[in-house]
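Below is one structure, written out as structure tokens, with a few remarks after it.
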Amino acid sequence: MGALDHFSYLFDCSSGRSKYRKRKQLQTVEIKVKMDCEGCERKVKKAVEGLKGVQQVNVERKASKVTIVGYVDPGRVVARIAHRTGKRAELWPYIPYDVVEHPYAPGVYDRKAPSGYVRNSQDPQISQLARASSTEVRYTTAFSDENPTACAIM
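Residue numbers in the sequence shown follow the UniProt record's numbering, run continuously in steps of one, and reach 154 at the last position.
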């Protein structure tokens with residue numbers, strides 16, 4: 001917040017409050033909405049464009065994804081889409097395949113996810129899955145062809 005913004009808030013007489021107003025930050029909101037045809041796509045886009053603070057709307061029908069850029073609250077956008085279109089809307093639950101340590105873990109892999117994406121899961125039990133302990137690593141690498149000090153019995 002710059003000095004001019006600070007002074008404009010101090011000397012603002014337009015509202016009854018002299019406290020600081022909290023500004024919404026410019027952000028990108030990604031939402032999953034199932035769209036079957038061009039009509040659904042237009043309906044979703046029209047519902048979002050009418051929301052205050054929206055600067056740009058990008059709809060990807062094949063991926064069932066709507067990307068909104070603007071000064072908006074993600075919860076309000078999801079509620080608006082659900083109310084105006086009658087479709088089930090949720091925040092984008094997927095992350096790129098490369099980011100996840102174990103993409104085929106039971107809580108992470110999702111068959112309905114678009115290609116290259118898996119479900120975002122912050123479950124600590126899943127993150128501990130498939131991590132080998134030091135003794136397991138020692139025994140499995142003892143018979144490896146890539147290990148020069150491996151067992152000579154092979």
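Idealized CB from N, CA, C, for every residue including glycine.
In angstroms with no decimal places, state the Cα-to-Cα distance between Val108 and Gly116. As a working note, residue 108 is residue 108 in the sequence shown. As a working note, residue 116 is residue 116 in the sequence shown. Their Cα atoms are separated by approximately 13 Å.
Buried or exposed for Lys62, going by 16 or more other Cβ atoms inside 10 Å? Locating residue 62 in the sequence shown gives position 62, where the first residue counts as 1. Classification for Lys62: exposed.
Can you say whether Ala79 is buried or exposed, counting buried as having 16 or more other CB atoms within 10 angstroms of its CB? Looking up residue 79 in the sequence shown gives position 79. It is exposed - the Cβ of Ala79 has fewer than 16 other Cβ atoms within 10 Å.
Ala46 versus His83 - alpha carbon distance: Translated into positions along the sequence shown, residue 46 becomes position 46. Translated into positions along the sequence shown, residue 83 becomes position 83. One detail in the question is off: residue 46 reads as Lys in this sequence, not Ala. One C-alpha to the other measures close to 13 Å.
In the structure shown, what three-state DSSP assignment does Pro96 receive? Position 96 of the sequence shown, counting from 1, holds the residue named residue 96. Strand.
Since Leu91 sits in a beta bridge, which residues does DSSP pair it with? Against the sequence shown, residue 91 aligns to sequence position 91. Ile31, per the DSSP bridge assignment.
Let me know if Val99 comes out buried or exposed under the rule of 16 or more other beta-carbons within 10 Å of its beta-carbon. Walking along the sequence shown from the start, residue 99 turns up at place 99. By the neighbour-count rule (16 or more Cβ atoms within 10 Å), Val99 is not buried but exposed.
Within 10 Å of its beta-carbon, does Val34 have 16 or more other beta-carbons around it, so buried, or fewer, so exposed? Taking the sequence shown and counting its residues from 1, the one referred to as residue 34 is at position 34. The sequence given here has Lys at residue 34, not Val. With fewer than 16 Cβ atoms within 10 Å of its Cβ, Lys34 is classed as exposed.
Would you list the residues sitting across from Asn58 in a DSSP beta bridge? Sequence index remark: in the sequence shown, residue 58 carries index 58 (1-based). For Asn58, which the question treats as bridged, DSSP gives the partners Thr67.
Look at the alpha carbon of Ile81 and the alpha carbon of Gln55, and state the distance between them as a whole number of angstroms. Position 81 of the sequence shown, counted from the start, is the residue given in the question as residue 81. Position 55 of the sequence shown, counted from the start, is the residue given in the question as residue 55. If I take the Cα positions, the gap works out to 16 Å.
In whole angstroms, what separates the C-alpha of Pro96 from that of Pro114? Here residue 96 is taken as the residue at index 96 of the sequence shown, counted from 1. Here residue 114 is taken as the residue at index 114 of the sequence shown, counted from 1. When rounded, the distance between both Cα atoms is 10 Å.
Rounded to a whole number of angstroms, what is the C-alpha to C-alpha distance between Gly39 and Val118? By 1-based counting over the sequence shown, the position of residue 39 is 39. By 1-based counting over the sequence shown, the position of residue 118 is 118. About 28 Å.
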